[in-house]
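Note that the sequence shown covers residues 1 to 272 in UniProt numbering.
Using N, Cα and C, we set each Cβ at its ideal position, and we do this for glycine too.
Report on the following structure.
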Amino acid sequence: LGLLECCARCLIGAPFASLVATGLCFFGVALFCGCGHEALTGTEQLIETYFSKNYQDYEYLIDVILTGVWHPFARPQWVHHARCGRRAGDCGHPVLTRGACGLGEQRGMAAVPSGAGGGGTTEGGQDSHVFMPRQVWQLPSRRDQTFVGITYVLSIIWLLVFACSAVPVYIYFNTWTTCQSIANPSKTSASIGTLCADARMYGVLPWNAFPGKVCGSNLLSICKTSEFQMTFHLFIAAFVGAAATLVSLLTFMIAATYNFAVLKLMGRGTKF
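Below, the structure is given as structure tokens:
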């Protein structure tokens with residue numbers, strides 16, 4: 001075979017869905033952990049400057065930043081491809097062949113006699129052979145079952161992380177909306193002095209924290225600072241990173257479940 005044919009066969013057998021999901025997973029975890037840590041640091045600075053002067057009111061938030069509660073999720077996720085079937089021997093029985101054997105990729109399945117090197121036709125007294133990779137289906141191993149289970153568990157964990165990462169985005173969005181109402185008094189019937197952002201209401205500070213809230217023009221000045229704008233966008237980026245990681249794990253889960261089911265059914269001789 002020439003170089004072009006070899007490259008084509010390699011590309012056909014590449015598990016593109018798994019490769020894309022792997023890259024998306026690493027990208028999402030890095031974005032979530034990096035931006036999330038910086039956003040928490042910015043939040044701590046905003047609370048210390050404007051909402052509370054008592055260190056004990058936000059001590060737990062500093063502990064989260066320093067101990068790196070978000071960091072364990074930055075460890076690389078397991079990337080495991082389901083095993084392909086072994087190449088068939090010369091036993092004179094038809095076997096199933098596939099052009100690809102990655103997670104969820106299924107192309108060009110055909111039945112050919114295993115005793116032949118490839119399919120052939122006679123044209124003008126010459127045999128033209130079509131070479132096809134020959135593989136047999138095997139029952140999935142315990143390792144494959146473990147990988148499917150781990151993928152499900154990680155998907156559930158990251159679903160919770162995704163939901164939690166939406167909370168600070170919601171808090172900052174409400175604060176930003178309040179600032180917009182203060183900046184445009186004609187759009188609201190409430191008095192500017194009564195429009196406040198209360199960190200105690202969201203559980204960020206205890207109820208006995210003082211002052212705990214900022215109102216009116218003081219709140220508007222906070223929203224105009226670069227620290228507030230940067231922290232808000234960092235939380236949005238962390239939220240997007242959590243979403244990307246969740247999508248990649250769902251892709252792994254779907255592909256691994258599909259591949260596991262196909263290997264198990266075809267290993268028992270089931271025909272579609």
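| query | Does DSSP classify P168 as helix, strand or coil? | reply | helix
| Of the residues S155, L159, C10 and P168, the one placed nearest residue 293, counting alpha carbons only | Examination of residue 293 is not possible in this model, given that the chain is present from 1 through 272 alone.
| From residue 273 to S221, what does the alpha carbon distance come to, in whole angstroms? | As shown, the chain starts at 1 and ends at 272. That puts residue 273 outside it, with no answer to give.
| What is the rounded straight-line gap between the Cα of G42 and the Cα of A14? | Linking G42 to A14 through their CA atoms gives a straight-line distance of about 43 Å.
| message | Rounding to the nearest angstrom, what Cα-Cα distance links residue 336 and P211 in this structure? | response | The requested residue 336 is not part of the displayed model; the chain covers only 1 to 272.
| Apart from the five residues just before and just after C10, which ones in its own chain have a Cβ nearer than 7 Å to its Cβ? | none
| field | Stretch-stretch touch, CB-based, cutoff 8 Å, three pairs: the stretch 230–244 with the stretch 26–38 | value | yes
| message | Would L195 and C223 qualify as a contact pair, given that the criterion is a beta-carbon distance under 8 Å? | response | No; because the gap between Cβ atoms is not below 8 Å, this pair is not in contact.
| Helix, strand or coil for K53 per DSSP? | coil
| When W158, T188, G149 and R200 are compared against Y58, the one with the closest alpha-carbon | Selected option, being the one with the closest Cα: R200.
| Whose C-beta lies closer than 8 Å to the C-beta of L40 among residues of the same chain, with five residues either side of it excluded? | L61, V64, I65 and W70
| Pairing CB atoms from the stretch 247–267 with CB atoms from the stretch 17–28, are three or more of them under 8 Å? | By the Cβ test, the stretch 247–267 is in contact with the stretch 17–28, since at least three Cβ pairs between them sit closer than 8 Å.
| task | Can you have a look at A183 and say buried or exposed, based on whether 16 or more other CB atoms are within 10 angstroms of its CB? | result | exposed
| message | Quick check: the Cα distance between residue 299 and V262, rounded to an integer number of angstroms? | response | Nothing can be reported for residue 299, as the shown portion of the chain is limited to 1 through 272.
| request: Please go through the same chain and pick out, in chain order, the residues whose beta-carbon is closer than 8 Å to the beta-carbon of E44, but skip the five residues on each side of it. | output: Y58, L61, I62 and I65
| field | Cα-Cα separation, Q56 to Y202 | value | 17 Å
| said: By the DSSP assignment, the beta strand (DSSP E) with A197 in it spans what residues? | reply: C196 to D198
| message | For L159 and G2, what's the separation of their Cα atoms in angstroms? | response | So the two alpha carbons sit approximately 47 Å from each other.
| Are there 16 or more other CB atoms within 10 angstroms of the CB of V153, so buried, or fewer, so exposed? | exposed
| C-alpha distance - T146 paired with L19, whole-angstrom precision | 20 Å
| request: Kindly indicate which three-state DSSP category V262 falls into: helix, strand or coil? | output: helix
| Roughly how far, in whole angstroms, is the beta-carbon of M266 from the beta-carbon of T151, given that I think they are within contact range, below 8 Å? | M266 to T151, Cβ: 21 Å. No contact.
| field | Span of the alpha helix (DSSP H) around residue 275 | value | Because the chain here runs from 1 to 272, residue 275 falls outside it and cannot be looked at.
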